[in-house]
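Just so we're aligned, residue 1302 is where the sequence shown starts under our numbering, counting upward by one.
Reading through the structure tokens given below for one structure.
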Amino acid sequence: EGTSMAAPVVSGTAALVWQYFLEGWYPQGRKGSGEALSPSGALVKAVLLNGAQTNLLGVDNRKGNVEPVYPYDNTIGFGRIDLQKSLYVEGWSDVQVKIWDRETIDDGVSMEFNVTIDKSNGCTFDHFSVTLVWMDVEVDLGCKHCVINDLDLEVTKNGIKDDVYYPNGRSNRDGTNNAERIVTSDVQHDDNFTLTVIAFNLDGASQKFALVATGCFGGVSNNLDTSNNVFDNDDSAEQLRQEMRKQRIIIIVCSTVGTVILLVVCSLLYRRRRKGSSGNVVCGKCMVPSKDEENASAENMAKDKDTERIMNGGTKKDENNEHEGNTKSQA
């Protein structure tokens, strides 16, 4: 995944490449020392791709790990742009550069370009890189992996025809891309490289292309201190691992504390509920009478009724006697 800064950084770098040629920095690495050139879009692209670096630790997969990346994969492609390894600025860059712009090749034809490694003036870079770029014609919508004008790049070293270098990390020709790069390492002084561009299959009669090569071509050594280069001292993977360890510890501690609190709360609620249930049972026993108590209560009620009946009967007799006495007196 890219970032929001990827496009402006690449755009600004492409503008610097354009300025480099317009102000005559090529090939001596000093402003105005060379002829002012107007580079094609294919040349600007070739310069950027040719010096791109793939020495990346990997990418954050958002799972706490760093997944490794490889040159020309779907994650980093040609790599991160690096002008220090793309253009020559005297005393300030690692490589010198050779270019061939707006070259024309006919269908079925091959063209050869020769370069020789020269470390006599102090250049110590031990890689050689060459990139071929051409602007292919438009294709129909929906066409996948379509190359209309198909060019190929091959490199041989020190005239050994059987030892052929192929582009983009492949072991044979690339028929799906219009940008092809070959990088070799352990390059020695006086090594000779033959760069071959082949018009494998063209839709028309010819095709223009740009070719860029970088390495030690007689330049001086780089005096720029790059010991603190952010890419060479990248510790982001270790920082990510430490951060993930901290997060795991925080998660474990919070989970443990939360579990303990939950258990304590549940225990208190259980005890309170159990205590309340025990109280209700006791009160229930107090309120519900036994059978003996019910019988005794029934007998008491019967006695009370008899007593009341007797008392009521006596009262009535007294009333009757009093009534009879009153009657006799009146008589």
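Backbone N, C-alpha and C fix where the C-beta goes; we use that ideal spot for every residue, glycine too.
VAL1396: not part of any alpha helix (DSSP H); DSSP gives it neither H nor E. Comparing alpha carbon positions, the residue from ASN1366, VAL1348, GLN1329 closest to PHE1379 is VAL1348. DSSP links GLY1516 through a beta bridge to GLN1397. VAL1484 places its beta carbon 8 Å or farther from that of LYS1346. Following the DSSP letters along the chain, one finds ASN1351 in no beta strand (DSSP E) but inside the alpha helix (DSSP H) bounded by residues 1342 to 1351.
Judged by DSSP in its simplified three-state form, LEU1503 adopts coil rather than helix or strand.
The shortest CA-to-CA distance from GLN1329 to any of VAL1370, GLY1559, TYR1389, LEU1323 is the one to TYR1389.
Taking C-beta separations shorter than 6 Å and ignoring five residues to either side along the sequence, the partners of SER1507 in its chain run THR1405, ASP1407, following chain order. A residue is called buried when at least 16 other Cβ atoms come within 10 angstroms of its Cβ; ASP1441 does not meet this threshold and is exposed. In the three-state reduction of the DSSP assignment, VAL1498 falls in the strand class, which pools E and B. Taken in chain order, the whole beta strand (DSSP E) runs of length 3 or more contained in the stretch 1432 to 1461 are 1451 to 1458. For ALA1337, there is no enclosing beta strand (DSSP E), as DSSP gives it neither H nor E. Ranked by how close their Cα comes to the Cα of THR1314, the residues GLY1516, GLU1455, SER1387 have SER1387 in first place.
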